[in-house]
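Chemist:
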Amino acid sequence: MSDAGKINPEDQIIELDALDESADTEDESSEGTNTEDEDTEDDDNDESFESKHIKEYIEILTKIAGDKYNYDNYAELLEVAHQMNDLEKIRQSAEIFAAMYPLSPEIWLRWLKIEASIATTDEQVEKVEKLFQRALSDYYSADVALEFAALAMKTTSKVIAERIWKTLIPTYGLHTMKGRSIFEAYREDTLTKNGDSPASFNRLARIYEQELKIPLRNMEDSYIEYKLLCEKYKDVLTDLDEEKFERRYKQAKEALQRMLPHENGLAALEAHRHQERAELYRKYIADCQSVLDDDEVQVIYERMVTECCLDGAVWHDYVRYLHQCPPDVDDHPASPVFRQTEIDLVNRALRNCTWSAELYVEKMRIVERQATPTSKMTILKIMEDVASAGLQTPEASVKVWLEYLTYLRRVTDFKSEKERDILRANFDLAWNQLGRAWGVLADPQCKILQFWGRLEYEALGEPSKGRDLWYSVMDSADNSTRVGLWIEFIELEAKRGPEAVRKLYRKSITSTGLDDPETLAAAWLRFERCNGTLDQLISCQELCNATIEKYYKTMSKNGPSNRASKGSKRPEATGAGASKDGDASTTKRQASSMDGGGSPPGKKKMKRTNDTPSDSVAERQEEFKTPAIPAQSSAKNHDHKQQQDPANQEIIDVDSDRSISKGDQSRQVFVSNLSFEVTETDIRAVFPDLTIESIELVASSSGKSRGFGYMQLASADEVPKALSFDRRPLNGRPVFISNVARDKANRPHQFKYSSSFEPNKLFIKGLPFNLDREELQRLFEPFGRIKDVRIVCYRSGKSKGIAYLEYETETSAKNAVLKMDQHVIDGFTITVAISSPPPKKNPTATEPNLAVEDSGGASSSLGAGKKLLGKWDVKQKLSPMIPTAVLKKSTAPSSEDKPKSNDDFRKLLLK
């Protein structure tokens, strides 16, 4: 709607006096009336009723003038106008409403039915037609469209009717559930206005052909009608291409079968469940997009935003789709849906969701991409709209300001001192406005100041100002405890020389409450190895040792803090179950280990095997106490000739139950993680691609399957093919398939996940359990090219909330840690660290590992925990002069480390 057609609610105040005066006059008139008979009394009652509504109407107008953003006042005003049964008041109140908010299809329909019923002349019908066009521009509504179709059938003007059908057929004829009704009305109107003639029958056939290539409910009925028409008038029908028609009809019918389950799900959902409806629409689009035309997909998006109009996320999804698949306006110039541009759509979205920061950000990007001479002014106007709209959270305000400042950075000429000063002034304005609006809640992480500081170090060319800004960042809220921020600050300070870096490392390592002092210490130690003197290196080690000793001493007394449990990793000696007396000695061992000392390792802890999320310390064992083994590795890795029964967790000897192993092992594969109810027939059914000679499922003494067994294939060439089907689901569980060759060198599937430090691989934990591989990849793609993503699952196939993600470069991994650590996904706060799992069972080393190691050590991973190794943890090969016999004796396992039985583990758990 153009600005000229809008009515400002405040302008209505000028009518209040006149309306009030009219009401007073009517009151006086009613008081002076003599109620002599029933007719006079009825007239008085009618006048009193009308006077009451006029006063109520005036009161609501006054409310709107005082609070123009209150939606309920507009709805109440329109309802009173309808109760008054006054068409002028209905028009007036509807226009006041439409000037502020889009009218819902129900409101439009109620008004349009009145207007259509009194339109008799062509001129009046044209005015109503324009109202319908406005209604269809607000929301996609099949009910409004059907009323519009009734208007086309009512009018005697063929020109107006044809114009209406050109609006409806390309758009509302695509509605899966109600599109057929639109086509039926179109055919009826065509016959009515053109009569029984060969031209009319040919046009009717073309309408059927247009309809039957669209997936519509009950399209089989239209197909029968079309066939009868062709049979009855085959002598007058021309241009019939039966083969092409049948092919298109078949494709549409197949698409309909895929769409109907989603349509039925939407129809069954209660009206108020908007979040579930939005999710159903997203699944609908994802599932059917490949079999639908772009126009048909866009219609589903239109239906989604109509039914979930107050959900900013669905509008954002639609805007992104329209950017990727813009419609061809020339194909349907009369369609209110297909003629809209990205900017039209985002404006519609913001009329519904004025509080959505994402939509304002999207609008700025659209305007910038258009690159018109007025783009700067338009984006400035968007920021003014943001200020008047009043975003509901400080995070939303920060998001919009960051986008605006980022835009200014892109268009600033940094060679111009004037433009540099303008950019600085905008940063200052953003920071001050946020502070005035939100106080201490405004940008606690200081994202605005961080951005400003980075530019001062680089593009703006004043590192000293950048340093001051970053000191302000670190002094705010709990930023001084965030190691990731300190490391970024230090990297920026590197532009000012090594002394500035060293000074900042010293300041940062002594900060109180660091979330991961080991990572910071490792970074400083690497720096000193590359740049420092011997004294500086020793000073660094001493200060780092003292800080980490204090850190673990605090943890052992108080337990891990909320932040510490997210960002830091305790060594296994300080895990749950450590005694109070043992805490102090543990801390001493940790401190001495940094100088190469230590004490003998303690007993190995039990690892959780249940399907419930573990606490923060136990979760860390996934990365820092066990090698990075995939969930199915217990079934795949047969270096140890044992398997674990998934039901009772007992250790069983695979070879003791093997009878099939006497056959040709080159043609055998091992299958595990099977449900105990799975039979040989079930396995053959799920692997129809394989030529299976025989299957043997290993059974317990009671004769019940133990959930694993062996398949003998027709040839050795079938083995790689079988291995490719690893994790194919059977009865809701992934089937693990691995090679059974005895010789490790002959096994094609060697364990490919390293247990050493991998600087380009991330360890991610705390993920939502329903997050899939594609969503995870999409979250981390902005930081660099991804080589592989692996979500760790339980044997049941359920995600553990843990994943490994490998980039092609170390830089990408590092950036991802800095940006994504502590990121919130669907209410889950994730932890992101460089993958640095502990060594395997009997690691060898050439020197003791320090808690703070250089870049080549396994302990130096960014954001990852460090395993403290004492002198008993490494193989003693420090001198070639030590006799081999002495070495063997010193490294022999003690009697205390003998393998534990199930009974022993049970006792440990009971403690």
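Under UniProt numbering, the sequence shown has 248 at position 248, and the numbering climbs by one with no breaks.
We treat Cβ as the ideally placed atom computed from N, Cα and C, and that holds for glycine.
#1: With 16 other CB atoms within 10 Å as the buried threshold, where does V80 fall?
#2: Could you give the distance in angstroms between the alpha-carbon of K193 and the alpha-carbon of L151?
#3: Is it the case that the Cβ atoms of M84 and E106 are separated by a distance below 9 Å?
#4: Is the CB-CB distance between L762 and V817 below 9 Å?
#5: I want to know whether the stretch 783-795 touches the stretch 807-816 - three or more CB-CB distances under 8 Å.
#6: Compute the distance between the beta-carbons of R348 and P498, then report whether it is under 9 Å.
#7: If you draw a straight line from the C-alpha of E254 to the C-alpha of R247, how long is it?
#8: Considering only the alpha carbon of each residue, which of L78, S397 and Y69 lies closest to I58?
#9: Rounded to the nearest angstrom, how far is the Cβ of P394 from that of L350, given a contact under 8 Å?
#10: Determine the DSSP secondary structure at T809, reduced to helix, strand or coil.
#11: Would you check if the distance between the CB atom of F725 and the CB atom of L674 is smaller than 9 Å?
#12: Report buried or exposed for E775, applying the criterion of at least 16 other Cβ atoms within 10 angstroms of its Cβ.
#13: DSSP three-state call for L690: helix, strand or coil?
#14: Under a three-way DSSP split, which group does A334 fall into?
#15: Please state whether the Cβ-Cβ distance between A699 and R667 is less than 9 Å.
#16: How many angstroms separate the CA atom of H82 from the CA atom of H53?
#17: Taking the alpha helix (DSSP H) that K264 belongs to, which residues open and close that run?
#18: Can you give me the start and stop residues for the beta strand (DSSP E) that Q712 sits inside?
#19: How many angstroms separate the CA atom of D657 from the CA atom of G265?
#20: In whole angstroms, what is the alpha-carbon distance linking D331 and Y140?
#21: Please determine, among Q210, L520, M711 and E276, the residue with the shortest C-alpha to C-alpha distance to Q665.
#22: Write down the C-beta distance between W470 and F451 rounded to the nearest angstrom, noting that I regard them as a contact closer than 8 Å.
#23: With C-beta atoms as the reference, is I224 less than 9 Å away from G173?
#24: With 16 other CB atoms within 10 Å as the buried threshold, where does E781 fall?
#25: Nearest to I300 by CA position, among W524, A500 and K283, is which residue?
#26: Beta-carbon separation of C230 and A205 under 9 Å?
#27: Below 9 Å between beta carbons: does that hold for N531 and V501?
#28: Out of G797, T554, F757 and S375, state which residue places its alpha-carbon closest to the alpha-carbon of I834.
#29: Using the three-state DSSP reduction, which class does residue 919 fall into: helix, strand or coil?
#30: Please report the straight-line C-alpha distance between residue 913 and M474, rounded to a whole angstrom.
#31: Indicate the three-state DSSP secondary structure (helix, strand or coil) for L723 in the structure shown.
#32: Are the Cβ atoms of K800 and F769 separated by less than 9 Å?
#33: Looking at the structure shown, is L537 part of a helix, part of a strand, or coil, going by DSSP?
#34: Determine the closest residue to R110 out of D143, I96, R420 and K130, with distance taken between C-alpha atoms.
#35: Just checking, does the stretch 363-383 make contact with the stretch 167-187 on the three C-beta pairs under 8 Å criterion?
#36: In this structure, does DSSP put Y804 in helix, strand or coil?
Modeler: The relevant details are as follows:
#1: buried
#2: Rounded to the nearest angstrom, the two C-alpha atoms are 14 Å apart.
#3: no
#4: yes
#5: yes
#6: Going by beta carbons, R348 and P498 fall outside the 9 Å limit.
#7: 11 Å
#8: L78
#9: That pair is no contact at about 20 Å.
#10: coil
#11: no
#12: exposed
#13: coil
#14: When secondary structure is reduced to three states using DSSP, A334 falls in the coil class, being assigned neither helix nor strand.
#15: Not in contact: A699 and R667 (Cβ atoms no closer than 9 Å).
#16: 10 Å
#17: Looking at the sequence provided, one finds Asn at residue 264 rather than Lys. Unbroken alpha helix (DSSP H) run through N264: E242 to A268.
#18: For Q712, the enclosing beta strand (DSSP E) covers residues S705 to L713.
#19: Its pLDDT being 39, under 50, D657 is placed unreliably in this model, and the value from its coordinates should be taken loosely. Approximately 49 Å between the Cα atoms of the pair.
#20: Spanning the two alpha carbons is a distance of roughly 19 Å.
#21: M711
#22: About 11 Å separates the beta carbons of W470 and F451, which is beyond the 8 Å limit, so they are not a contact pair.
#23: no
#24: exposed
#25: For the residues W524, A500 and K283, the minimum Cα distance to I300 belongs to K283.
#26: Yes, the pair counts as a contact, with Cβ atoms nearer than the cut-off.
#27: yes
#28: F757
#29: Nothing can be reported for residue 919: it is not among the residues displayed for the chain, which extend from 1 to 911.
#30: Because residue 913 is not part of the residues shown, which for the chain are 1 to 911, the question remains open.
#31: Assignment of L723 by DSSP, reduced to helix, strand and coil, places it in the helix class.
#32: yes
#33: Looking at L537 - three-state DSSP - the assignment turns out to be helix.
#34: Comparing Cα-Cα distances from R110 to each of D143, I96, R420 and K130, the minimum goes to D143.
#35: no
#36: DSSP, read as helix, strand or coil, puts Y804 in strand.
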